Amino acid sequence: MSIYRQFGVEPIINASGTVTRLGGAPMPSEVLDAFREASEVTVPLEQLQAAASRVIAEATGAEAGLVTSGAAAALTLGAAAIMCGTELAKIAKLPQTDGFANEMLVAREQRSGYDHAVRASGARLVEVGLDESRAQAGGRRAELWEYEAAITENTVGILYVFSSESQPSLQPLIELAHRHNLPVLVDAAAQLPPRENLRLVESSGADLVTYSGGKALRGPQSTGILCGRRDLIASATLQMLDMDEHFELWDPPQELFKRSQLPGLPRNGIGRAMKVSKEEIAALLTALTMFANGEYDALIDGERACLDTIKSVLTAECPDLVRLEEQDHPSPKMLIRLESSCPLSALELCRRLRAGSPPIYLGHGQLDAGILVIDPLCLRPEDAATIARQLCSLLGS
Ligand SMILES: *Cc1c(COP(=O)(O)O)cnc(C)c1O
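Letter by letter, the sequence shown follows residues 1 to 397 in the working numbering.
Listed below in structure tokens is the structure:
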């Protein structure tokens with residue numbers, strides 16, 4: 001019996017991928033083994049995070065890294081590190097930022113609900129640029145000069161949300177920022193795969209980059225990665241770890257902290273509310289290493305097989321109601337475009353699939369265009385036939 005039924009919760013079929021609302025990705029057994037083994041002994045967390053920093057540096061090409069409680073927490077800590085460095089008075093004050101520079105520039109078109117995590121640090125977002133193409137009122141989007149024109153003495157850095165569609169492109173923006181001595185914090189939470197995006201710090205020169213641990217990395221959903229400049233990672237680490245220690249006894253990992261550079265220990269910082277357990281760290285590092293070594297590539301054939309099963313049933317049973325489009329990059333997906341002859345709208349079909357038994361959740365990002373998306377990453381092999389059968393029965397064939 002499912003552990004969830006034991007608690008009175010009915011399991012669903014998740015065909016919408018590693019979305020947070022549905023609990024992220026399934027963890028490989030190696031990752032779960034790491035979690036269990038890690039719980040059996042004790043290690044000091046700052047030594048474990050220093051080891052994590054080395055593993056993350058190796059996998060990403062960055063100088064240093066930190067395991068955070070999700071990419072969102074990494075955004076909060078990244079902004080906190082950019083604002084405070086190792087100034088203990090500032091660290092103690094967050095999210096109050098009265099009296100020191102706290103503004104981060106962001107393209108208006110890159111604002112999203114996730115930037116609440118940046119604002120939670122106390123940083124203030126200053127929007128720049130217009131996306132005239134979205135407005136169907138021109139073709140131009142946020143431009144470099146608009147960032148430059150917005151820089152003032154209150155500017156501490158730039159927030160950039162990375163994707164293959166982002167504009168302006170990252171590298172010239174970083175060059176501009178560095179000419180003004182401003183660090184760039186990059187949200188690349190869901191931009192893995194492709195695997196090369198893991199080395200974004202190295203390829204772009206970004207100061208800090210965040211990734212989710214619970215999406216395609218297949219680590220615990222409550223983990224994430226912040227990687228980049230060593231001094232900023234040290235600040236983020238200082239603001240996250242528990243600080244209930246005597247400065248005289250504190251024996252910090254040398255590669256991150258030099259005691260001589262600090263007047264004392266800070267109190268618990270803004271990131272103390274975003275702690276990560278030793279088990280989560282061990283599990284995430286195991287997942288990261290597997291992803292970086294290409295060990296997940298073998299799973300892709302199984303994902304394609306799920307899509308093939310659904311495709312062959314739908315093309316045989318209701319060829320006139322749907323048009324299928326397969327994508328293979330950056331990961332396998334199938335778009336189900338509803339034809340005008342289809343008896344249900346995409347929204348209604350989505351609703352009825354969720355109300356069925358077992359409940360089925362499809363990707364709902366393009367409902368307005370009449371498209372349902374199947375992302376097979378979280379499917380078990382037997383789920384494909386169930387999805388196909390339910391779709392056909394709702395479509396009346
Ligand atoms: C998922 C996501 C986040 C949050 O990541 P968590 O690991 O869930 O905290 C932030 N930004 C973007 C763009 C995301 O897709």
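Glycine included, each C-beta is placed from N, C-alpha and C at the ideal position. Nothing here was measured: the structure is a model prediction, and the numbers come from that model.
Neighbour flag for residue i against chain C, beta carbons, 8 Å
| i | result |
| --- | --- |
| Arg323 | No chain C is present in this structure, which holds just one protein chain. |
Simplified DSSP state of residue i, which is helix, strand or coil
| i | result |
| --- | --- |
| Gln327 | strand |
| Asp375 | strand |
| Ser16 | strand |
| Gly363 | strand |
| Ser212 | strand |
| Cys227 | strand |
| Leu402 | Here the chain comprises residues numbered 1 to 397, so residue 402 is not present and cannot be evaluated. |
| Val322 | strand |
| Thr42 | coil |
| Lys311 | helix |
| Gln357 | Note that residue 357 is Ser in the sequence shown, not Gln. Coil. |
| Gly269 | coil |
| Pro172 | helix |
| Asp98 | coil |
| Glu350 | Residue identity differs from the one stated: residue 350 is Cys in this sequence, not Glu. DSSP places Cys350 in helix when its eight states are reduced to three. |
| Leu75 | helix |
| Cys306 | helix |
| Leu241 | coil |
| Glu10 | coil |
| Asn197 | helix |
| Leu299 | helix |
The alpha helix (DSSP H) enclosing residue i, as first and last residue numbers
| i | result |
| --- | --- |
| Tyr4 | Ile3 to Gln6 |
| Leu144 | Leu144 to Ala150 |
| Met104 | Element bounds for Met104: not the alpha helix (DSSP H) but the beta strand (DSSP E), Glu103 to Ala107. |
| Ala282 | Lys278 to Ala292 |
| Gly157 | From DSSP, Gly157 is part of no alpha helix (DSSP H) but of the beta strand (DSSP E) over Thr155 to Val161. |
| Ala51 | Leu45 to Thr60 |
| Glu30 | Ser29 to Ala38 |
| Leu394 | Asp383 to Leu394 |
| Arg119 | His116 to Arg119 |
Start and end residues, beta strand (DSSP E) containing residue i
| i | result |
| --- | --- |
| Leu200 | Taken as a continuous stretch (DSSP letters only), Leu200 belongs to no beta strand (DSSP E), being part of the alpha helix (DSSP H) at Leu200 to Ser204. |
| Arg337 | Lys333 to Leu338 |
| Val128 | Arg124 to Val128 |
| Gly65 | Ala64 to Thr68 |
| Val184 | Val184 to Asp187 |
For residue j and residue i, believed in contact at Cβ under 8 Å, the rounded distance
| i | j | result |
| --- | --- | --- |
| Leu349 | Ala59 | That pair is no contact at about 40 Å. |
| Leu128 | Ala107 | Here residue 128 turns out to be Val, not Leu, going by the sequence shown. Their Cβ separation, rounded to whole angstroms, is 6 Å, which keeps Val128 and Ala107 in contact under 8 Å. |
| Glu255 | Ala384 | In fact, because the Cβ distance is near 47 Å, the residues do not count as touching under 8 Å. |
| Asp375 | Ala15 | 6 Å |
| Val184 | Ile158 | 5 Å |
| Cys227 | Ala52 | That belief does not hold up - the Cβ atoms of Cys227 and Ala52 are roughly 10 Å apart, past 8 Å. |
Heavy atom of ligand 1 within 7 Å of residue i beta-carbon
| i | result |
| --- | --- |
| Tyr296 | no |
inquiry  = If you measure from each CB to the nearest heavy atom of ligand 1 and keep those under 5 Å, what residues do you get, in chain order?
reply    = Thr20, Gly70, Ala71, Ala72, Tyr114, Asp187, Ala189, Ala190, Ser212 and Gly224
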